[in-house]
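Notes follow once the structure below has been shown.
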Amino acid sequence: MNEDIGLEQFAEDLRQEVIARSDAGEEREFRENEFTRIAIEYLCEAGELEDGEVCFYQARGMKVNGYNLQENEGRLDLFVSIFTQHIPPATVPKADIETALKRLKGFLEQCRKGLYKSLEEASPAFDLAQSIYKCKELTNIRLFLFTDGLTTIQTRQSTTIHDKFYSVNIWDLRRIYRSISSGRKRDAIEIDFTTQFGCTIPCLPIPESNADYNACMLIIPGEILYKLYAEYGSRLLERNVRSFLQARGKVNKGIRQTILKEPQRFLAYNNGISATAESVKFTSEGRGIEKVRDLQIVNGGQTTASIYQAVRKDKADLSRVYVQAKLTIVSSDRIDEIVPLISRYANSQNKVSEADFSANEPFHIQVEELSRTIWAPAFDGTQRQTRWFYERARGQYLEEKGRETTAAKKKVFEETYPKSQMFTKTDLAKFQHTFEQIPHIVSKGAQKNFAEFTARLAEKKNIQADETYFKHLIARAILFKGTEKIVQAQNFGGYRANIVTYTLAYLSYCAEQRIDLDAIWKQQAIPPDLGEAIVIVSKQVHQSILSAPDGKNITEWCKQETCWKQVQILDIDLHSTL
Numbered sequence: 002m003n004e005d006i007g008l009e010q011f012a013e014d015l016r017q018e019v020i021a022r023s024d025a026g027e028e029r030e031f032r033e034n035e036f037t038r039i040a041i042e043y044l045c046e047a048g049e050l051e052d053g054e055v056c057f058y059q060a061r062g063m064k065v066n067g068y069n070l071q072e073n074e075g076r077l078d079l080f081v082s083i084f085t086q087h088i089p090p091a092t093v094p095k096a097d098i099e100t101a102l103k104r105l106k107g108f109l110e111q112c113r114k115g116l117y118k119s120l121e122e123a124s125p126a127f128d129l130a131q132s133i134y135k136c137k138e139l140t141n142i143r144l145f146l147f148t149d150g151l152t153t154i155q156t157r158q159s160t161t162i163h164d165k166f167y168s169v170n171i172w173d174l175r176r177i178y179r180s181i182s183s184g185r186k187r188d189a190i191e192i193d194f195t196t197q198f199g200c201t202i203p204c205l206p207i208p209e210s211n212a213d214y215n216a217c218m219l220i221i222p223g224e225i226l227y228k229l230y231a232e233y234g235s236r237l238l239e240r241n242v243r244s245f246l247q248a249r250g251k252v253n254k255g256i257r258q259t260i261l262k263e264p265q266r267f268l269a270y271n272n273g274i275s276a277t278a279e280s281v282k283f284t285s286e287g288r289g290i291e292k293v294r295d296l297q298i299v300n301g302g303q304t305t306a307s308i309y310q311a312v313r314k315d316k317a318d319l320s321r322v323y324v325q326a327k328l329t330i331v332s333s334d335r336i337d338e339i340v341p342l343i344s345r346y347a348n349s350q351n352k353v354s355e356a357d358f359s360a361n362e363p364f365h366i367q368v369e370e371l372s373r374t375i376w377a378p379a380f381d382g383t384q385r386q387t388r389w390f391y392e393r394a395r396g397q398y399l400e401e402k403g404r405e406t407t408a409a410k411k412k413v414f415e416e417t418y419p420k421s422q423m424f425t426k427t428d429l430a431k432f433q434h435t436f437e438q439i440p441h442i443v444s445k446g447a448q449k450n451f452a453e454f455t456a457r458l459a460e461k462k463n464i465q466a467d468e469t470y471f472k473h474l475i476a477r478a479i480l481f482k483g484t485e486k487i488v489q490a491q492n493f494g495g496y497r498a499n500i501v502t503y504t505l506a507y508l509s510y511c512a513e514q515r516i517d518l519d520a521i522w523k524q525q526a527i528p529p530d531l532g533e534a535i536v537i538v539s540k541q542v543h544q545s546i547l548s549a550p551d552g553k554n555i556t557e558w559c560k561q562e563t564c565w566k567q568v569q570i571l572d573i574d575l576h577s578t579l
């Protein structure tokens with residue numbers, strides 16, 4: 002397909018998805034926020050972002066549409082959107098891009114000056130503004146601009162100001178489209194060591210062989226590894242299937258102590274890292290590397306993250322720290338076949354189970370198959386039955402709809418699989434963990450919650466999804482989506498996502514996980530008495546999470562188990578509604 006034709010179709014599908022999600026609302030800002038949410042989802046799926054929250058605020062000289070704050074890593078991502086709704090997509094003037102970025106920077110600057118003091122506590126932006134003001138250890142700030150239009154620029158030169166690393170990324174419609182249609186799930190990382198760091202990386206290539214790969218041994222300065230992780234974050238570890246799971250543990254104290262006390266011995270003590278690349282440009286004599294494309298660390302995520310944290314938290318001097326690395330160069334047509342095997346065997350000393358590497362694929366395939374075969378009961382007095390569409394991979398819904406050859410067939414597809422009944426892997430994890438009463442894990446965000454779900458699933462081993470599981474899963478989805486609407490109607494202001502998961506977790510706790518899911522499945526709706534209970538509980542939950550001790554940040558407070566324990570002891574009279 003000609004890219005321009007595919008791009009125009011993608012633009013129309015994206016616009017329709019925004020409209021469907023916002024229930025055809027007339028408010029432009031609301032649609033813009035739905036667009037922001039979808040852009041975040043695309044970039045998370047592509048590995049460009051770890052997570053993200055929609056958070057709209059606009060005032061004179063300031064604008065923000067969303068953010069992702071990782072306080073432990075001193076990392077802040079801020080998002081601003083330009084949603085044009087133009088079909089075919091039009092070029093966004095450079096002046097508009099500059100203005101949007103200037104407003105985003107203006108928001109950041111005002112937050113540092115105490116903007117939160119002039120905002121209402123219920124305002125969605127209050128928590129973000131307060132977090133930026135109070136978090137003095139932000140060392141890595143990334144500004145993102147999302148647009149459904151086209152631009153002639155995508156990136157800006159990264160800069161370091163007062164020990165703070167700044168970068169700007171522009172994602173227009175074409176860049177988003179290419180990231181999901183090219184067969185690659187992300188933009189490959191391209192590094193020019195000469196330009197970016199003023200040096201080459203010493204290496205020792207292996208002798209020529211008939212193998213379907215090439216390889217070399219490297220000695221990487223700790224300072225360069227630190228800067229690479231600061232700029233690219235988890236994208237460097239994307240092919241390391243344990244990178245998410247490793248986030249559950251603590252940074253290796255031994256690595257940290259060596260960096261701080263015996264940096265000159267780091268090379269001797271540390272096992273080093275294993276990395277892969279699609280291509281490499283060697284120096285003329287072949288003993289150094291000038292450029293590398295699609296660099297991925299497949300083993301050594303702990304080492305890399307520990308070096309980063311030692312600088313960020315302890316101001317460690319890395320001038321004498323060096324890391325040995327094995328770099329395997331695999332061509333693009335073999336990378337998806339060979340690299341997972343390299344990752345598996347490189348991690349074998351850590352007793353990684355097969356389930357870790359398969360990402361529990363059989364489970365997700367089972368759920369997908371059930372979603373294509375099980376009809377949901379008709380409701381609202383109609384005879385028409387529908388199905389719930391499980392999107393195991395990002396973009397499946399639009400892809401399958403696009404396979405229908407006529408407008409009539411597309412309409413039948415939409416009637417069979419209503420857009421409101423589509424849910425993703427991260428949604429599944431959110432539904433499951435909410436009713437397993439771990440709302441503090443859900444509150445950590447879609448990607449981290451899914452990582453925890455994957456880890457727990459691997460520990461349970463051989464979990465099967467059958468028809469009963471699927472129907473109960475959909476009942477939880479109906480409860481979750483319905484509760485979102487109920488909470489929204491209460492006009493609490495911010496923290497809707499936290500209120501929803503905590504409200505349902507509390508109801509699950511009170512009912513000892515005996516909410517009648519079969520009845521919800523049959524009705525395809527929340528029973529009125531349960532809806533009343535949700536209203537009552539949500540009000541109490543809202544008050545509880547706002548009463549964070551010692552003026553703690555509300556969003557961070559909701560991520561702690563102590564917050565859940567505080568909600569659990571609420572004494573709410575629900576009569577016999579459960």
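Residue numbers (this note's numbering): 2 to 579. Virtual Cβ for every residue (Gly too), placed ideally from N, Cα, C. These numbers come from a predicted model, not from an experiment.
Discussion item. Going by DSSP, what residue range makes up the beta strand (DSSP E) through residue 465?
Written reply: Here residue 465 corresponds to residue number 464 of the sequence shown, with the count starting at 1. Careful: residue 465 lies outside any beta strand (DSSP E) and carries neither H nor E.
Worksheet item: Can you pull the DSSP bridge partners for residue 1?
Response: The question about residue 1 has no answer, for the chain in this structure spans 2 to 579.
Item to complete: Keeping to the same chain, check which residues put their C-beta closer than 6 angstroms to that of residue 21; ignore five residues upstream and five downstream.
Response: What you label residue 21 is simply residue 20 of the sequence shown in a count that begins at 1. Counting only Cβ-Cβ distances below 6 angstroms, and skipping sequence neighbours, we find 420.
Worksheet item: Leaving out five residues before and five after residue 399 in sequence, what residues of the same chain have Cβ atoms less than 7 angstroms from its Cβ?
Response: The residue labelled residue 399 in the question sits at position 398 within the sequence shown. So the list reads 14, once near-sequence residues are dropped.
Fill in: Through-space distance from residue 276 to residue 245, alpha-carbon basis
As a first step, residue 245 must be located in the sequence shown, where it is residue number 244. As a first step, residue 276 must be located in the sequence shown, where it is residue number 275. In this prediction, residue 245 scores a pLDDT of 39, lower than 50, which makes its location untrustworthy; the coordinate-derived value is nonetheless stated afterwards. Near 17 angstroms, if we compare the C-alpha coordinates of residue 276 and residue 245.
Practice prompt. Identify, in the order they occur along the chain, each residue of the same chain with its Cβ nearer than 7 angstroms to the Cβ of residue 189, setting aside the five sequence neighbours on each side.
Written response: Here residue 189 refers to the residue found at position 188 when the sequence shown is read from its first residue. Counting only Cβ-Cβ distances below 7 angstroms, and skipping sequence neighbours, we find 279, 294, 295.
Worksheet entry | Cα-Cα separation between residue 546 and residue 228, rounded to whole angstroms | Here residue 546 is taken as the residue at index 545 of the sequence shown, counted from 1. Here residue 228 is taken as the residue at index 227 of the sequence shown, counted from 1. So the two alpha carbons sit approximately 37 angstroms from each other.
Item to complete: Return the Cβ separation of residue 238 and residue 302 in integer angstroms, given the expectation that the two are a contact with Cβ distance under 8 angstroms.
Response: To locate residue 238, count along the sequence shown from 1; it is residue 237. To locate residue 302, count along the sequence shown from 1; it is residue 301. Correct: roughly 5 angstroms between the Cβ atoms.
Worksheet item: Going by beta carbon distance, what residues of the same chain come within less than 7 angstroms of residue 523, once the five residues before and after it are set aside?
Response: The residue you call residue 523 lines up with position 522 of the sequence shown. Only residues of its own chain outside the window of five on either side were considered, and among them 378 have a CB closer than 7 angstroms to the CB of residue 523, listed in chain order.
Worksheet item: Are at least three pairs of beta-carbons, each pair with one atom in the stretch 527-545 and one in the stretch 449-466, less than 8 angstroms apart?
Response: Result no; under three Cβ-Cβ pairs closer than 8 angstroms.
Discussion item. In this structure, how does DSSP classify residue 26 when only helix, strand and coil are distinguished?
Written reply: On the sequence shown, position 25 is the one that residue 26 refers to. With a pLDDT of 40 at residue 26, under the threshold of 50, the modelled position of that residue is not reliable, and the figure given next carries that caveat. Looking at residue 26 - three-state DSSP - the assignment turns out to be coil, as it is neither helix nor strand.
Worksheet item: Does the distance from the C-beta atom of residue 181 to that of residue 391 stay below 8 angstroms?
Response: The residue labelled residue 181 in the question sits at position 180 within the sequence shown. The residue labelled residue 391 in the question sits at position 390 within the sequence shown. For the pair residue 181 and residue 391, the CB atoms are not nearer than the 8 angstroms cut-off.
Worksheet item: Looking at the structure shown, is residue 491 part of a helix, part of a strand, or coil, going by DSSP?
Response: The count along the sequence shown starts at 1 and reaches residue 491 at position 490. Coil at residue 491, not helix or strand.
Worksheet entry | Cutoff 6 angstroms; reference residue 433; Cβ partners in own chain excluding five residues on either side | Translated into the one-based positions of the sequence shown, residue 433 becomes position 432. Cβ neighbours of residue 433 beyond the five flanking positions: none.
Practice prompt. For residue 76, name the three-state secondary structure that DSSP assigns.
Written response: The residue you call residue 76 lines up with position 75 of the sequence shown. The three-state secondary structure of residue 76, taken from DSSP, is strand.
Worksheet item: According to the Cβ coordinates, are residue 136 and residue 72 closer than 8 angstroms?
Response: The residue labelled residue 136 in the question sits at position 135 within the sequence shown. The residue labelled residue 72 in the question sits at position 71 within the sequence shown. In contact: residue 136 and residue 72 (Cβ atoms closer than 8 angstroms).
Worksheet item: Helix, strand or coil for residue 14 per DSSP?
Response: Here residue 14 is taken as the residue at index 13 of the sequence shown, counted from 1. In the three-state DSSP reduction, residue 14 falls in the helix class (H, G or I).
Fill in: Coil, strand or helix - residue 214 by DSSP
Your numbering for residue 214 matches position 213 in the sequence shown. In this structure, residue 214 counts as coil in the three-state DSSP scheme.
Discussion item. Quick check: what's the CA-CA separation for residue 243 versus residue 144?
Written reply: Sequence index remark: in the sequence shown, residue 243 carries index 242 (1-based). Sequence index remark: in the sequence shown, residue 144 carries index 143 (1-based). Caution is warranted here: a pLDDT of 43 is assigned to residue 243, below 50, making its placement in the model unreliable, and the coordinate value is therefore given only provisionally. Taking the straight line from one Cα to the other gives about 27 angstroms.
Worksheet item: Tell me which same chain residues have a C-beta within less than 6 angstroms of the C-beta of residue 506, skipping the five on either side of it?
Response: Position 505 of the sequence shown, counted from the start, is the residue given in the question as residue 506. Excluding sequence neighbours, residue 506 sits near 435, 438, 440.
Worksheet item: Just curious, the alpha helix (DSSP H) that residue 146 is in, first and last residue?
Response: Along the sequence shown, one-based indexing puts residue 146 at 145. For residue 146, there is no enclosing alpha helix (DSSP H); the residue is part of the beta strand (DSSP E) that begins and ends at 141-148.
Worksheet item: Expressed to the nearest angstrom, what Euclidean distance is found between the alpha-carbon atoms of residue 68 and residue 154?
Response: For this step, residue 68 is matched to residue 67 along the sequence shown. For this step, residue 154 is matched to residue 153 along the sequence shown. Going from the Cα of residue 68 to the Cα of residue 154 covers about 22 angstroms.
Worksheet entry | Short Cβ contact (8 angstroms threshold) for residue 75 with residue 141 | The sequence position of residue 75 within the sequence shown is 74, counting from 1. The sequence position of residue 141 within the sequence shown is 140, counting from 1. In terms of Cβ geometry, residue 75 and residue 141 form a close pair [threshold 8 angstroms].
Worksheet item: For residue 221 versus residue 324, is the C-beta spacing smaller than 8 angstroms?
Response: What you label residue 221 is simply residue 220 of the sequence shown in a count that begins at 1. What you label residue 324 is simply residue 323 of the sequence shown in a count that begins at 1. Contact: yes.
Worksheet item: Which residues does DSSP pair with residue 289 in a beta bridge?
Response: Translated into positions along the sequence shown, residue 289 becomes position 288. Beta-bridge partners assigned by DSSP to residue 289: 203.
Worksheet item: Okay, do the stretch 494-509 and the stretch 405-418 touch, 3+ Cβ pairs below 8 angstroms being the bar?
Response: The stretch 494-509, when compared against the stretch 405-418, does not touch it at the 8 angstroms Cβ threshold.
Worksheet item: Between the C-alpha atoms of residue 118 and residue 131, what's the straight-line distance to the nearest angstrom?
Response: By one-based count along the sequence shown, residue 118 stands at place 117. By one-based count along the sequence shown, residue 131 stands at place 130. Distance between the alpha carbons of residue 118 and residue 131: 8 angstroms.
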